[in-house]
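> Have a look at the structure that comes next, please.
In full-length UniProt numbering, the protein residues as written are 1 to 214.
Rendered as structure tokens:
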């Protein structure tokens, strides 16, 4: 930990990992999202579960996100363009709302079910901060760093990490607990994180003992 003008500047996972100032974000671990991964995302669920279990044992605040869809009737230009691209259809008339609020595919998978003392924020955008109360909730708790796990690294976690930095948070990316489909794109994201130096990168084996022993 470095100090400057009375400020603590975290340099390592240990520096950033105080449960009084770090929270865990579990990103989009929904049934309908995980179905798009090999084995319905079983490996991602197991890896995220290890970090979540450790964070709970250490008393860290936990926030889940869920990606939601608008009914097609309420989708505007950007939502329709994105849906057409993801669903590989050539007209807006063929778009479907995959993640409506009460749809089974929108639910967090049972193995990671949020507890009563954990929050779930729904979002339309890729960044977990865009259009959600997440920033306000974190600041109100005095959180300065956020550990991030979930899926998909190359689609939603990457912009969440960048947005966190822009808001003044220190992202801690648990690289092997962040899943996805496009491994080339995932590696490119990790390379970008290393190049920019804004995020701290770690892995399950390193962070779980730190979380548990607090």
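For glycine and all other residues, C-beta sits at the position ideal for the given N, C-alpha and C.
Look up residue 217 in the DSSP assignment and say whether it is helix, strand or coil.
Residue 217 lies beyond the stretch modelled for the chain, which goes from 1 to 214, so this question has no answer here.
> Apart from the five residues just before and just after residue 185, which ones in its own chain have a Cβ nearer than 7 Å to its Cβ?
The residue labelled residue 185 in the question sits at position 185 within the chain shown. Within the same chain, residue 185 has close Cβ partners 154.
> Hey, would you say residue 171 sits closer than 8 Å to residue 177, going by beta carbons?
Sequence index remark: in the chain shown, residue 171 carries index 171 (1-based). Sequence index remark: in the chain shown, residue 177 carries index 177 (1-based). No; because the gap between Cβ atoms is not below 8 Å, this pair is not in contact.
> Residue 145 and residue 21 - do their beta-carbons sit closer together than 8 Å?
Locating residue 21 in the chain shown gives position 21, where the first residue counts as 1. Locating residue 145 in the chain shown gives position 145, where the first residue counts as 1. The answer is yes: Cβ separation under 8 Å.
> Tell me whether the beta-carbon of residue 51 lies closer than 8 Å to the beta-carbon of residue 29.
Position 51 of the chain shown, counted from the start, is the residue given in the question as residue 51. Position 29 of the chain shown, counted from the start, is the residue given in the question as residue 29. For residue 51 and residue 29, no; Cβs fall outside 8 Å.
> Run through DSSP, which three-state label would residue 116 get?
Indexing the chain shown from 1 puts residue 116 at position 116. Coil.
> Starting from residue 47 and walking both ways along the beta strand (DSSP E), at which residues does that stretch end?
Translated into positions along the chain shown, residue 47 becomes position 47. Run containing residue 47: none in the beta strand (DSSP E); it sits in the alpha helix (DSSP H), 42-57.
> What residue does the beta strand (DSSP E) around residue 3 start on, and which one ends it?
The residue you call residue 3 lines up with position 3 of the chain shown. Unbroken beta strand (DSSP E) run through residue 3: 2-4.
> Straight-line CA distance for residue 64 to residue 189?
As a working note, residue 64 is residue 64 in the chain shown. As a working note, residue 189 is residue 189 in the chain shown. Cα to Cα, the separation comes out at about 22 Å.
> Less than 8 Å between the beta carbons of residue 84 and residue 95, yes or no?
Residue 84 sits at position 84 when you count from the first residue of the chain shown. Residue 95 sits at position 95 when you count from the first residue of the chain shown. Contact flag set, yes.
> What number of angstroms, rounded off, separates the C-alpha of residue 149 from the C-alpha of residue 86?
The count along the chain shown starts at 1 and reaches residue 149 at position 149. The count along the chain shown starts at 1 and reaches residue 86 at position 86. Going from the Cα of residue 149 to the Cα of residue 86 covers about 22 Å.
> Within 10 angstroms of the Cβ of residue 195, are there 16 or more other Cβ atoms? Answer buried if so, exposed if not.
Position 195 of the chain shown, counting from 1, holds the residue named residue 195. When all chains shown are included, residue 195 counts as exposed.
> Between which two residues does the alpha helix (DSSP H) carrying residue 161 extend?
For this step, residue 161 is matched to residue 161 along the chain shown. That run of the alpha helix (DSSP H) goes 158-166.
> Which two residues bound the contiguous beta strand (DSSP E) that contains residue 201?
Your numbering for residue 201 matches position 201 in the chain shown. Unbroken beta strand (DSSP E) run through residue 201: 200-202.
> Of the choices 156, 105 and 138, whose alpha-carbon is the least far from that of residue 168?
As a first step, residue 168 must be located in the chain shown, where it is residue number 168. Per the Cα distances, 138.
> Applying the criterion that 16 or more other CB atoms from any shown protein chain within 10 Å of the CB defines a buried residue, is residue 77 buried or exposed?
The residue labelled residue 77 in the question sits at position 77 within the chain shown. By the neighbour-count rule (16 or more Cβ atoms within 10 Å), residue 77 is not buried but exposed.
> Short of 6 Å in beta carbon distance, which residues of its chain neighbour residue 198, apart from the five on each side in sequence? Order them along the chain.
Within the chain shown, numbered from 1, the residue matching residue 198 stands at position 198. The answer, listed in chain order, is 165.
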